[in-house]
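Notes follow the structure.
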Amino acid sequence: MPIQILQPEVAAKIAAGEVVERPANAAKELIENSLDAGATEIRVEIREGGRRLLRVTDNGHGIPADEAELAFQRHATSKLHTAEDLSHIATFGFRGEALYSIAAVSHVTLTTRHRDEPFGVQVRVEGGQIVGRGRAGSPVGTVVSVEHLFYNVPARQKFLRKAATEAGHIANLVQRYALAHPDRRFSLVNDGRLVFQSNGNGDPFDVLAKVYGLENARQMVSLLPGDGTSPPGLDVAQDVSFMAEELPGAEAAGANPEESPVRVTGYTSLPSLTRANRSHIDIFVNRRYVEDRSLVHAVVQAYHTLLPVGRYPLAVIFVEVAPELVDVNVHPQKTQVRFVEERRIFSAVQKATRQAILRHAAPPDLALPSPQPPAEDVGTRGPDSGWATRREALLGAGRQSHLDLFVPPGQPARQSSPLPVGDQTEARQENWHQPATGGSSRPVPSQQPARLPPLRVVGQVGAMYIIAEGPEGLYLIDQHAAHERILYEKFMAQRYGQGDGGVPRQQLLQPLPLHVGSELAGLVARHLDELLHLGFEIEPFGGDTFLVRAVPSVLSGQDPQRSLDEIVSALGENRNLVGEELENRLVKMICKRAAIKGGQLLSTLEMQELVRQLEACQSPRTCPHGRPTLIQLSAGELERAFGRA
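Numbered by full-length UniProt numbering, the letters in the sequence shown go through residues 1 to 645 in order.
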């Protein structure tokens with residue numbers, strides 16, 4: 001077959017296939033055009049999931065009448081003039097392909113009026129051909145109606161989903177842009193019914209409540225504006241090993257960070273609010289929605305040890321970076337970007353998210369039914385109730401120094417030395433206050449790190465849970481999960497040199513032979529350095545056998561053979577993990593094995609010391625695997641349960 005130039009209509013359909021795969025892609029292009037036009041109100045109407053009709057109406061500055069037809073030509077744009085403009089793109093559109101591609105596979109009616117003109121103009125295009133043009137009476141702004149999408153591309157129609165599915169994609173798109181632009185009013189009408197509308201009052205929380213629901217929005221916390229660096233007194237690196245240096249494909253950049261600041265803002269959910277997949281993590285770069293797997297991974301990594309396996313947060317993350325440091329001209333759909341300083345962006349997102357979680361994390365509440373008390377029941381309780389008095393007493397007790405309760409017989413008690421996991425002078429309670437400005441009355445969490453309040457041990461139930469009284473109610477503490485968290489933070493602090501001498505080791509009286517099998521012998525040999533960092537002194541002994549001379553002290557009371565067998569099995573199951581990520585996985589396993597077991601009776605002194613050490617942890621509310629260490633039954637829940645409120 002000879003080489004030939006494609007017919008224009010064929011080339012147009014091919015180009016349209018790159019830009020418009022489904023109705024949501026067309027909606028995205030039209031919404032971004034409206035935003036570039038300075039619109040403050042954007043209305044999206046769809047029928048049959050956008051296949052029969054997709055109409056976007058805005059109140060932007062409009063298109064001049066003499067340019068309306070030109071807008072449908074390929075590579076026609078008002079946003080670029082020279083090749084140098086590509087290096088600092090500040091608009092959503094710039095390729096000049098949106099209207100051209102949409103019109104090539106549908107019937108499009110454009111009605112627009114420029115703000116400087118007394119009347120509007122209407123242009124009708126079918127299959128890429130202009131079939132009508134004339135004056136039209138319309139307000140300032142633009143209306144683009146797209147009908148019969150893919151009417152001339154049957155193959156594309158076959159891949160469209162049901163109308164409800166396509167409508168769902170468009171709804172997600174509109175909600176994302178409402179989140180990114182809370183000062184613009186977005187509306188979505190599906191088959192004649194208004195299904196979403198934002199206020200456009202500039203308050204991001206109002207949009208969060210519209211998108212996720214009020215209860216879920218209240219479980220999302222704000223990321224403070226910043227560049228992802230740790231504020232004084234909050235050493236996030238103690239609590240999590242950041243993986244920016246492990247980012248695959250990330251190239252080191254030579255730009256000066258002070259000349260190119262990275263600003264990370266947004267909202268992310270508390271560990272109590274999760275989903276089963278990553279689809280609820282939305283990333284925006286310079287207010288443009290992007291699909292970036294590495295930045296989504298940065299958000300997930302920020303919840304390291306705070307969420308159970310298979311659970312993911314909700315997050316809306318905004319990254320603002322100089323336009324010349326990000327390339328948005330990667331794909332015609334403009335949902336993929338490349339960063340000049342990818343590692344620094346990754347680290348900034350990860351740290352900013354982690355700091356927000358640590359500031360605001362709270363224990364899960366245990367909700368109880370709330371029976372209504374009879375009228376002749378107990379008298380009313382004022383602010384001077386027993387709980388209020390008890391709260392003051394517990395808070396006062398929390399300001400006193402704790403004693404080291406594990407004291408050898410015959411020695412005087414000494415002041416305790418908490419685990420080296422951060423500054424223990426931080427406030428131990430979470431205060432709530434109203435914002436100083438704005439009309440919203442929702443509570444705003446304080447900026448103190450989320451630590452446990454002072455707790456008084458009451459007893460143990462089922463040889464599994466510790467009952468403790470706090471200033472705000474009753475706490476049930478999982479003794480195994482709590483001890484896991486204590487050991488993990490102590491181990492990590494020692495591992496990274498915050499303790500004296502690194503990870504303490506227990507020398508074995510006799511070297512322990514460890515047979516790993518020929519399949520795993522090479523794997524174990526490659527990881528001897530990582531195992532040494534964790535406190536295992538292991539050396540080859542020939543063939544598939546190794547000699548173990550020391551183990552971490554936390555395993556001194558355990559069967560070293562069984563512990564090592566589990567670690568070797570873990571190495572075989574996690575062959576793709578390397579470096580710090582592998583070490584973290586092994587540390588979790590070590591701490592799980594060494595922690596107090598469920599069903600183990602504890603003395604009062606042991607429970608008190610366990611609670612004191614949990615209070616000193618950086619992230620006391622979850623175990624290293626993300627399960628909760630405690631639940632709270634508030635004073636109000638107790639009073640309602642007993643009909644006293």
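Even for Gly, the Cβ is constructed at its ideal location relative to N, Cα and C.
Secondary structure at residue 273: coil, using DSSP grouped into helix, strand and coil. C-alpha of residue 175 to C-alpha of residue 39: approximately 16 Å in a straight line. Ranking 328, 299, 73 by CA distance to the CA of residue 290 puts 328 first.
Secondary structure remark: continuous beta strand (DSSP E) runs of at least 3 residues inside the region 277–362, in chain order: 281–285, 288–290, 315–320.
The DSSP assignment places 479–495, 518–526, 528–533, 560–573, 579–594 as complete runs of the alpha helix (DSSP H) inside the UniProt domain "MutL C-terminal dimerisation" (457–602), in order along the chain (cut-off: 4 residues). For the pair residue 181 and residue 287, the CB atoms are nearer than the 8 Å cut-off. When only Cα atoms are considered, residue 325 and residue 261 end up about 10 Å apart. Counting the other CB atoms within 10 Å of its CB gives residue 75 a total below 16, which places it among the exposed residues. Between residue 638 and residue 482, the CB-CB gap reaches or exceeds 8 Å. Per the coordinates, the alpha-carbon of residue 553 lies some 21 Å from the alpha-carbon of residue 569. Take the alpha-carbon of residue 41 and the one of residue 171: they are about 16 Å apart. Residue pairing of residue 43 in beta bridges, as defined by DSSP: 57, 187. The criterion of a C-beta distance shorter than 8 Å is satisfied by residue 463 and residue 601. A distance below 8 Å separates the beta carbons of residue 514 and residue 546.
Within the DSSP secondary-structure output, residue 107 pairs in a beta bridge with 126, 147. Residues of the same chain with a CB within less than 7 Å of the CB of residue 320, apart from the 5 flanking positions on each side, are 263, 286 in chain order. Under the 10 Å beta carbon count, residue 206 is surrounded by 16 or more other beta carbons and is classified as buried. Residue 166 sits close to residue 22, with the two beta carbons spaced by under 8 Å. The beta carbons of residue 37 and residue 111 sit about 14 Å from each other, so the pair does not count as a contact at 8 Å. In summary, residue 305 is buried, with 16 or more beta-carbon neighbours lying within 10 Å of its beta-carbon over all protein chains present. Counting only the Cα atoms, residue 634 lies some 10 Å from residue 640.
With respect to the 8 Å criterion, residue 100 and residue 73 are classified as neighbours on the basis of their beta carbons. Cβ-Cβ separation between residue 478 and residue 307: approximately 16 Å, too far for a contact (criterion under 8 Å). Judged by their CB atoms, residue 562 and residue 574 are not nearer to each other than the 8 Å cut-off.
Under the three-state reduction of DSSP, residue 101 is assigned to helix.
Beta bridge pairing from DSSP links residue 220 with 269. For residue 208, no beta strand (DSSP E) segment is defined; the enclosing uninterrupted segment is the alpha helix (DSSP H) at 204–212. Inter-residue distance for residue 179 and residue 298 is about 20 Å (C-alpha atoms, whole angstroms).
Counting C-beta atoms within 10 angstroms of its own C-beta, residue 529 has fewer than 16 neighbours from the protein chains shown and is therefore classed as exposed. For residue 309, the closest of 282, 281, 277, 315 by C-alpha to C-alpha distance is 277. Less than 8 Å divides the Cβ of residue 558 from the Cβ of residue 594. Linking residue 151 to residue 211 through their CA atoms gives a straight-line distance of about 33 Å. The three-state secondary structure of residue 134, taken from DSSP, is strand. Leaving aside the five residues that flank residue 57 on each side, the residues in its chain whose CB is nearer than 6 Å to its CB run, in chain order, 43, 143. When the alpha-carbon of residue 337 is set against those of 315, 293, 344, the nearest one is in 293.
Spatial neighbours of residue 555 in its own chain (CB-CB distance under 6 Å, excluding positions within 5 residues in sequence) are listed in chain order as 563, 594.
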